[in-house]
Amino acid sequence: MNWFLVIVGKRSRPSQLACGYHMTRGVGAVSCRSRIALWQLGCSWLALTLVAGCFESPPVGVTEKKHVQEPVPTDPPKSPALVRSSTSAPSLWRDGPTTPEGISPGARPRVVLISAAWCQWCRVLEHEVLPDQRVITEIERGFESLHVDLDAAPLWADIPGFKGLPTLAFFDAGGRHVLTRSGFRSAPELVDLFRALSSRLERDELEPYEPPRRVRLPSAGISAEDAKRLLDRLELAVFLKVNSNDGGFNSPARHPYPALLVELERWRQHGAPARVDGWIQKTLDGARRGGSPRLKGTPLADMDFSADELVGLSRAGADAARWREGIERLPDADPYLGLQDSVDRGFFRYCAGPGWYHPHFERRAIENLAWSELLRLRGEPDEARAVLNFVETTFEQGAALATSQRSDPFYYRLSAEERKALPGPVVDPLWRLDVQSMAALVDGSRCRALAPVPTDKWPRALWDRAGAELSSAAEAPVDAVGLLLSALASCSELSERGRELSELVVERWSGEGFVESPRLFLLSRGICENSRQHCARALAALTDIPIDLDYPPPFALLSRETAAE
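In our numbering, the protein residues as written are 907 to 1471.
Put into structure tokens, the structure is as follows:
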């Protein structure tokens, strides 16, 4: 029996009853197309549950850039220096190139460890797994080993198969990318993986991934009809991805994507459907509720970590005797709820468990800047200022804001008084262009920090502590340039420089083009905010770009274009 037709036939009844009835029968027989149709018909609660089968779930044990699956944890290391200093094999992992294209042919296959300073389970991998002699033996036997810091080399997140951190990317001796594996693995699992891959590489059994497609700026701009079609596609894609992978707007979320919420709020203020306001408010309510039961004085039967021991574990880090035990047991012993720290008001990246439980205590400047901007746009200036104050007091180093703060599940279970015994979690000394641009968008007084950035050539991705571009750094990815363009447009004294950089970007996009990537969503918005004459073309280039919730589509701009004719 076609249960989808049954549902459509019952649309005159309350949607919850119809959706609930469908959930009791024949769910597996409903195609993805039918599930999407249900969403379009307004049966969002059912679609929330059914569309999960239309998307591949991320692997277990991944600290994800996008969607996070709970079971086994995982988070990354810092720069190559951190990898070398935190393992017992200091010569094993050399600095890798800033982009995958930098992997050249060599005498042996390459394995590239991709990690980041804020990632908790990357630290576990480095401290307990990579130094294992069995792992070292297999790597030395079959591979040349490289490491890249994802914060310093963000384009590694775009390789095929990347699901989050930590990730191992494998290249054959010819420099071709043949396999990606994301997620934490034990030493025996890594040994098995390396052995199997060595054997297959020797027999030349692994086909390389297809090279990425490049897109050029079209000569014609987007029409109102095409803008409406694109807007509908992107809204549906966002709804499906959030709800199928993360709990999302209509049930307890785990990964809120604050930059996406900011863009949705901009759209809401320019005529978005009423449901968008509900999505934003539900996510805000979930992210800001709760906290540590320990700090609230709730009796916890399994909480056998004293305040002194929590302080000691935070101070000693991975070298402490019960550090790994604490990481694994504390989520159950002290079930932390929500994403906002009750003491300093900063937000963590996401929750590993459903229902807004078990945050990974990772904090990045750019996401907290987005939270501050969202609260400001939603009419909560005091809350916005509190989050911005957290960013400034935590990440400000010299003339620039640092990128991230290391995860510390022990520190955030301490009260303000107990924290006085500690300096606080380590802040990674890395200064990125996108962070400084986002800061200027949120706080106009930071516009002056962007004044030295050259606009007659492509900007670099990294700065030094003094606020100057690092000439040795790689070119900034297109999303960072998009944020820079938006920031320049928002700074009245820098608007002319924004128009100059926009012309340079349009010239490159029209000529050699860019790799097809959701990062182009931010670039197109930056162009539109600086060069109205190029806006329709920049939006037309997004027609077939896949969705990635870390790079929000320009909903407000597309909505404006739908009314252009």
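Idealized CB from N, CA, C, for every residue including glycine.
Practice task
Provide the residue(s) that pair with residue 1306 in DSSP beta bridges, ordered along the chain.
Solution key: Per DSSP, 1303.
Handout entry: Where residue 935 falls: helix, strand or coil (DSSP)
Key = Confidence is the limiting factor: at residue 935 the pLDDT is only 34, short of 50, which leaves the residue's position unreliable, though a coordinate-based value still follows. DSSP, read as helix, strand or coil, puts residue 935 in helix.
Practice task
Flag this pair as yes or no: are the beta carbons of residue 1220 and residue 1314 separated by less than 7 Å?
Solution key: With contacts defined by Cβ atoms closer than 7 Å, residue 1220 and residue 1314 form a contacting pair.
Practice task
Check whether the Cβ atoms of residue 1430 and residue 1448 sit closer than 7 Å, and answer yes or no.
Solution key: Yes, Cβ-Cβ distance for residue 1430 and residue 1448 is below 7 Å.
Exercise for the section: To the nearest angstrom, report how far apart residue 1041 and residue 1225 are at their CA atoms. Expected result: Rounded to whole angstroms, residue 1041 to residue 1225 spans 20 Å at the Cα level.
Problem - Sequence-distant residues of the same chain with beta carbon closer than 6 Å to residue 1331, five excluded per side - result: Within the same chain, residue 1331 has close Cβ partners 1311, 1312, 1314, 1317.
Practice task
Go ahead and label residue 1415 buried or exposed: buried means 16 or more other beta carbons lie within 10 angstroms of its beta carbon, across all protein chains shown.
Solution key: Buried, because 16 or more other Cβ atoms sit within 10 Å of the Cβ of residue 1415.
Problem - Integer-rounded CB distance, given that residue 1445 should sit under 8 Å from residue 1128 - result: Contact between residue 1128 and residue 1445 holds: CB atoms are separated by about 4 Å, below the 8 Å threshold.
Problem - Distance, residue 1146 Cα to residue 931 Cα - result: Its pLDDT being 26, under 50, residue 931 is placed unreliably in this model, and the value from its coordinates should be taken loosely. Cα to Cα, residue 931 sits roughly 22 Å from residue 1146.
Problem - residue 1457 versus residue 1169: straight-line alpha-carbon distance, rounded - result: When the Cα atoms are used, residue 1457 and residue 1169 turn out to be separated by approximately 10 Å.
Practice task
Compute the Euclidean distance between the alpha carbons of residue 1326 and residue 1208, then round it to the nearest angstrom.
Solution key: Answer to the nearest angstrom: the Cα atoms are 25 Å apart.
Exercise for the section: Would you mind working out which of 1353, 1342, 1131, 1299 sits nearest residue 1329, comparing C-alpha positions? Expected result: Looking only at 1353, 1342, 1131, 1299, the smallest Cα-Cα distance to residue 1329 is reached by 1299.
Handout entry: Coarse secondary structure for residue 1453, derived from DSSP in three states
Key = In the structure shown, residue 1453 falls within a coil segment according to DSSP collapsed to helix, strand and coil.
Problem - Under the three-state DSSP convention, the category residue 1033 falls into - result: Here residue 1033 sits in helix by DSSP.
Practice task
Put residue 924 into one of helix, strand or coil per three-state DSSP.
Solution key: Caution applies to residue 924, whose pLDDT of 27 falls short of 50 and renders its modelled position unreliable; the model cannot decide the point.
Problem - Buried versus exposed, by CB contacts within 10 Å (16 or more), residue 1438 - result: Exposed: under 16 other Cβ atoms inside 10 Å.
Handout entry: Where the beta strand (DSSP E) through residue 1286 begins and ends
Key = Segment: none, residue 1286 is in no beta strand (DSSP E) and carries neither H nor E.
Practice task
Measure how close the beta-carbons of residue 1043 and residue 1067 come, nearest whole angstrom, since I'm counting them as under 8 Å.
Solution key: Actually they do not touch by this definition, with Cβ atoms about 26 Å apart.
Practice task
To the nearest angstrom, report how far apart residue 1451 and residue 1464 are at their CA atoms.
Solution key: Distance between the alpha carbons of residue 1451 and residue 1464 is about 14 Å.
Exercise for the section: Answer yes or no: does any C-beta atom of chain D fall closer than 7 Å to that of residue 1411? Expected result: Absence of chain D from the displayed structure is noted, only one protein chain being present.
Handout entry: Rounded straight-line distance, which links the Cα of residue 1425 to that of residue 1231
Key = The alpha-carbon separation between residue 1231 and residue 1425 amounts to approximately 38 Å.
Handout entry: Integer Cβ distance of residue 1388 from residue 1419, believed to fall under 8 Å
Key = Residue 1419 and residue 1388 do not touch by the CB rule: their CB atoms are close to 16 Å apart, not below 8 Å.
Practice task
Check each candidate in 1384, 1359, 1142 and name the one with the smallest Cα separation from residue 1372.
Solution key: Out of 1384, 1359, 1142, the CA that lies nearest to the CA of residue 1372 is found in 1359.
Problem - Spatial neighbours of residue 1270 in its chain, beta-carbon cut-off 8 Å, leaving aside the 5 residues before and after - result: Cβ neighbours of residue 1270 beyond the five flanking positions: 1024, 1255, 1309, 1310, 1311.
Exercise for the section: Identify which residue in 1027, 1072, 1242 has its Cα closest to the Cα of residue 1201. Expected result: A check of alpha carbon separations from residue 1201 across 1027, 1072, 1242 identifies 1242 as the nearest.
Handout entry: Integer Cβ distance of residue 1440 from residue 1412, believed to fall under 8 Å
Key = That pair is a contact at about 5 Å.
Problem - Close Cβ partners of residue 1004 (< 6 Å) along its chain, the five nearest in sequence each way excluded - result: Closer than 6 Å at Cβ, skipping near neighbours: 1059, 1380.
Practice task
Round the Cβ separation of residue 1016 and residue 1050 to the nearest angstrom and send it over; I've been treating them as touching at under 8 Å.
Solution key: That belief holds up - the Cβ atoms of residue 1016 and residue 1050 are roughly 5 Å apart, short of 8 Å.
Handout entry: Pick from 1466, 1469, 1467, 1462 that is closest to residue 1174, judged by C-alpha positions
Key = Out of 1466, 1469, 1467, 1462, 1462 has the C-alpha closest to the C-alpha of residue 1174.
Exercise for the section: Name the residue from 1079, 1110, 1365 whose alpha carbon lies nearest to the alpha carbon of residue 1377. Expected result: With distances taken between Cα atoms, residue 1377 lies closest to 1365.
Handout entry: Span separating the alpha-carbon of residue 1048 from that of residue 1055
Key = Note on geometry: alpha-carbon atoms of residue 1048 and residue 1055 lie some 23 Å from one another.
Handout entry: residue 1081 - containing alpha helix (DSSP H), residue span
Key = No alpha helix (DSSP H) contains residue 1081, which DSSP labels as neither H nor E.
Problem - Residue ranges of each alpha helix (DSSP H) within the stretch 1384 to 1467, 4 or longer - result: Those alpha helix (DSSP H) runs which fall completely within the stretch 1384 to 1467 and span 4+ residues are 1384 to 1396, 1401 to 1416, 1426 to 1436, 1438 to 1446.
Problem - residue 1100 - DSSP class collapsed to helix/strand/coil - result: Annotated three-state conformation of residue 1100 is helix, per DSSP.
Problem - Burial state of residue 1237, where buried means 16 or more other Cβ atoms lie within 10 Å - result: By the 10 Å Cβ count, residue 1237 comes out buried.
Exercise for the section: Could you check which residue in 1278, 1216, 1442, 1093 has the C-alpha nearest to that of residue 1163? Expected result: It is 1278.
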